[in-house]
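Protein chains: 2
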Amino acid sequence: MPSLEWERSHYSARPELKARLLANENPWGPSPKARLAIMETAKEGNRYQHEAAMNLRSMIAAFEGVSEDHILLAPGSSDVLEKMAIMHFMNGGNLVAADPAYMSLIKTAVAMKADWKKVRLTDSWAHDLDGMKKAVDRNTKMVYICNPNNPTGTLTPAEDIKKFCREVATNDTTVFVDEAYLEFLPDPKAQTMVPLIKEGKNVVVARTFSKVHGMAGLRIGYGVMLPEMLEKVDAIWRGNMSLCKTSLMGAMASLEDTEFQQMSIKGTAAARKQTVTGLKKLGFSPVPSHTSFMVFPIAMAGKPFLDAMFSKGVGVRAFDIFGKDYCRVSMGKPEEMDIFLTALEEVLV
Amino acid sequence: MPSLEWERSHYSARPELKARLLANENPWGPSPKARLAIMETAKEGNRYQHEAAMNLRSMIAAFEGVSEDHILLAPGSSDVLEKMAIMHFMNGGNLVAADPAYMSLIKTAVAMKADWKKVRLTDSWAHDLDGMKKAVDRNTKMVYICNPNNPTGTLTPAEDIKKFCREVATNDTTVFVDEAYLEFLPDPKAQTMVPLIKEGKNVVVARTFSKVHGMAGLRIGYGVMLPEMLEKVDAIWRGNMSLCKTSLMGAMASLEDTEFQQMSIKGTAAARKQTVTGLKKLGFSPVPSHTSFMVFPIAMAGKPFLDAMFSKGVGVRAFDIFGKDYCRVSMGKPEEMDIFLTALEEVLV
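Chains as they are written, first to last, in this note's numbering: chain A, 13 to 361; chain B, 13 to 361.
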């Protein structure tokens, strides 16, 4: 787990950074309507948030086309990831998940003594669903799929995941699909796994207001799951207790602000295009991204690379994927992507 | 656990309520400085909260006189209660706690299959520390003490708890002291159990911004604990991930706004005096309170009593304590206490 020093170096606002492209934040958010709702609610912060939480839950239930007893509101989808890992691995068992994958759920599961059965992504960077299916055994409490995946930004076809869920999700094995970056796809409604939950399959879908909605620091996310799974959560944790009232009001305003969401999506797509063009011009080979970030291999070890980029005022991340060094860059405003490309050229070309 | 219907009836903002005295909220908060900090931070909600969290942790560490590796920041102290219950009772064991007590930690512990060994409060409504000490056995993972206690509002002398902790807290048995209402005592620094943690005792203290700071809906609290306990938390949960940035900034401003805190404390003391006088005049016998709420026995069953009070626009709570019905009323503004006393007279006298 991150040390204090690690936190300071990687997550601080770094006012000295000219381009903060290290945490997949949305440079345009929060929506002006969300900001106004937060400002207006500040004076009511002395009163508990339960009514605001119930109202947001109703809105999300309607948005997802399920009843309220399917929705777990959470202070960011991280909380859904952690709660599900704790619940599922309290008595051991194994977790089937891709390599590389987003690590939050996996880290909590491993801390709970779960065995992580890694299944390497395919050569086209999709989930190896056949391999994951083979890895599932009678001790598999959960399969974790992040789609589009983080840190790779790559997509596994929705139809393939649906087929996988119909075969693998049972009372004993939950399939958890993390859809944090779903809204950046051209047709999110066709890509989400929520319809499987409506069919009664033991699938949990996590969503967040951190990405398209640009509310990463305000901590609102949710899980969609079967009512019987939600009952198990409610037995351990008191509902809605970690939710901030101002953020709940902001999320409601943001959910209605489709204009802002469209602007985020278009701006992100434009940044991807600008970044791919710039990277290719410099001789890099970015992995095709469906998200608000992108990875590409670099011919330099991660740590000195990050230090060199930071020294030029650019914050990015480095990952070791299958023994090779990759840079992960978040999509920012056009001028930030220019600063990134210039720094990259100075450091690596 | 509360049903949706229960939530709606007990926790909604109830705009029709003339006096909302049911959740121990602070009618004066948040501090104007906290509100301003929240409003100013709304626009930065797109960026993660880690730097703000590190800054608040530093302030709290200085305030408590411990190093930062003793402080677990949380979205309200509920989160500290739940995390400690999950960690301690993952592999069974028993919990020694008072009856009646604040139920959050106990509910999570029991959901984790812990055995709750209840030790009845003494006739003077203090914790029966001798009885609790006798109840501790080799399977006792934790002792939970809420001081001042909720729902009774009563105090157990700090020196007695200190002695108890020195005898009972070991590597195998954590003593958890919930100090949510500590600031309403005349000398909080003399009453807190934090000095025992500095002595190296396995004590966990929980504090909150929900009460004196008037930030119940904004969800900031913290735990003070030994660094080795915090390491165990950090192994399972990713630090700072559930903390809302606007609330963190609000908490920093509120911590510095001692003028507001003093106003809260004085207003609460005045409300207690007004309420005791009013209740006695009506023939009730309130239990002496050291907090922002107060209980007194009522000659009516809880549910019809609450319904009757709600119908008059007054929200309070009802508790069954040792088989008798009690009303718990939170301290509000003077006019709210008048409305409460008038409604009470109409319902019960």
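All C-beta atoms in this analysis are idealised placements derived from N, C-alpha and C, irrespective of residue type, glycine included.
Note that this is a predicted model, so its numbers are computed, not measured.
Mind pulling the chain A residues with CB within less than 7 Å of residue i?
i: Met51(B); result: Met51, Ala54
Would residue i and residue j qualify as a contact pair, given that the criterion is a beta-carbon distance under 8 Å?
i: Asn38(A); j: Ser304(A); result: yes
i: Ile72(B); j: Gly262(B); result: no
i: Tyr193(B); j: Ala86(B); result: no
i: Arg47(A); j: Ala46(B); result: no
i: Leu84(B); j: Leu255(B); result: no
i: Met154(A); j: Lys174(A); result: no
i: Gly229(B); j: Lys257(A); result: yes
i: Glu179(A); j: Lys223(A); result: no
i: Trp128(B); j: Leu107(B); result: yes
i: Ala65(A); j: Asn252(A); result: yes
i: Gly226(B); j: Ser297(B); result: no
i: Ser70(A); j: Asp269(A); result: no
i: His82(B); j: Pro239(B); result: yes
i: Glu347(A); j: Leu33(A); result: no
i: Met96(B); j: Phe188(B); result: yes
i: Val131(A); j: Asp149(A); result: no
i: Pro163(A); j: Phe331(A); result: yes
i: Asn36(A); j: Ser266(A); result: no
i: Val78(A); j: Val236(A); result: yes
i: Lys336(A); j: Glu358(A); result: no
i: Met264(A); j: Asn67(A); result: yes
i: Gly182(B); j: Val216(B); result: For the sequence presented, residue 182(B) should be read as Thr rather than Gly. No, the Cβ-Cβ distance between Thr182(B) and Val216(B) is not below 8 Å.
Out of the options, which has the shortest C-alpha to C-alpha gap to residue i?
i: Ala126(A); options: Tyr156(A), Val341(A), Tyr193(A); result: Tyr156(A)
i: Lys345(B); options: Glu357(B), Thr280(B), Asp190(B), Tyr114(B); result: Thr280(B)
i: Ala31(A); options: Leu356(A), Val361(A), Leu360(A); result: Leu356(A)
i: Phe176(A); options: Ala228(A), Arg284(A), Gly143(A); result: Gly143(A)
i: Ala9(A); options: His139(A), Ile232(A), Met237(A); result: For residue 9(A) there is no data in the structure shown, the boundaries of chain A being 13 and 361.
i: Ala202(B); options: Pro42(B), Glu76(B), Val307(B), Lys336(B); result: Glu76(B)
i: Pro169(A); options: Pro198(A), Thr185(A), Val148(A), Lys146(A); result: Pro198(A)
i: Glu28(A); options: Val326(A), Gln274(A), Glu63(A); result: Val326(A)
i: Glu191(A); options: His302(A), Ala330(A), Gly295(A); result: His302(A)
i: Tyr60(B); options: Lys285(A), Ser90(A), Ala147(A); result: Ser90(A)
i: Asp135(B); options: Asp350(B), Ile351(B), Leu68(B), Ile333(B); result: Ile333(B)
i: Val245(B); options: Glu94(B), Asn67(B), Val288(B); result: Glu94(B)
i: Lys210(B); options: Glu52(B), Asp184(B), Glu63(B), Glu80(B); result: Glu80(B)
i: Lys285(A); options: Gln274(A), Gly104(A), Asp350(A); result: Asp350(A)
i: Trp137(B); options: Lys292(B), Glu171(B), Gly314(B), Cys158(B); result: Cys158(B)
Chain A partners of residue i, CB-CB under 8 Å?
i: Ile248(B); result: Glu94, Ile98, Thr120, Ala123, Met124
i: Cys256(B); result: Pro87, Gly229, Leu230, Arg231, Cys256, Thr258, Ser259
i: Gly279(B); result: Result: empty, since nearest Cβ-Cβ is about 12 Å, beyond 8 Å.
i: Gly41(B); result: Gly57, Asn58
What in chain B is Cβ-close to residue i, meaning under 7 Å?
i: Tyr60(A); result: Tyr23, Ala35, Glu37, Ala228, Gly229
i: Met102(A); result: Met102
If I'm right that residue i touches residue j with Cβ under 8 Å, what's the distance once you round it to whole angstroms?
i: Ala218(B); j: Val92(B); result: 5 Å
i: Pro160(B); j: Thr166(B); result: 6 Å
i: Thr220(A); j: Gly41(A); result: Incorrect: roughly 12 Å between the Cβ atoms, too far for contact.
i: Ile310(B); j: Leu353(B); result: No, Ile310(B) and Leu353(B) are not in contact; Cβ-Cβ is about 14 Å, not under 8 Å.
i: Arg250(A); j: Ser116(B); result: 6 Å
i: Cys339(A); j: Val299(A); result: Not quite, the Cβ-Cβ distance comes to about 11 Å (not below 8 Å), so this is no contact.
Which residues in chain B sit within 9 Å of residue i, going by Cβ to Cβ distance?
i: Met253(A); result: Pro87, Gly88, Ser90, Asp91, Glu94, Ser116, Arg231
Going along chain B, which residues have a C-beta under 8 Å from residue i?
i: Arg47(A); result: Ala54, Lys55, Gly57
Any beta carbon of chain E sitting closer than 8 Å to that of residue i?
i: Ile157(B); result: Annotation note: the requested chain E is absent from the structure, which comprises protein chains A and B.
With 9 Å as the limit, tell me which residues of the region 192-217 of chain B have their beta carbon closer than that to any beta carbon of chain A; keep them in chain order.
none
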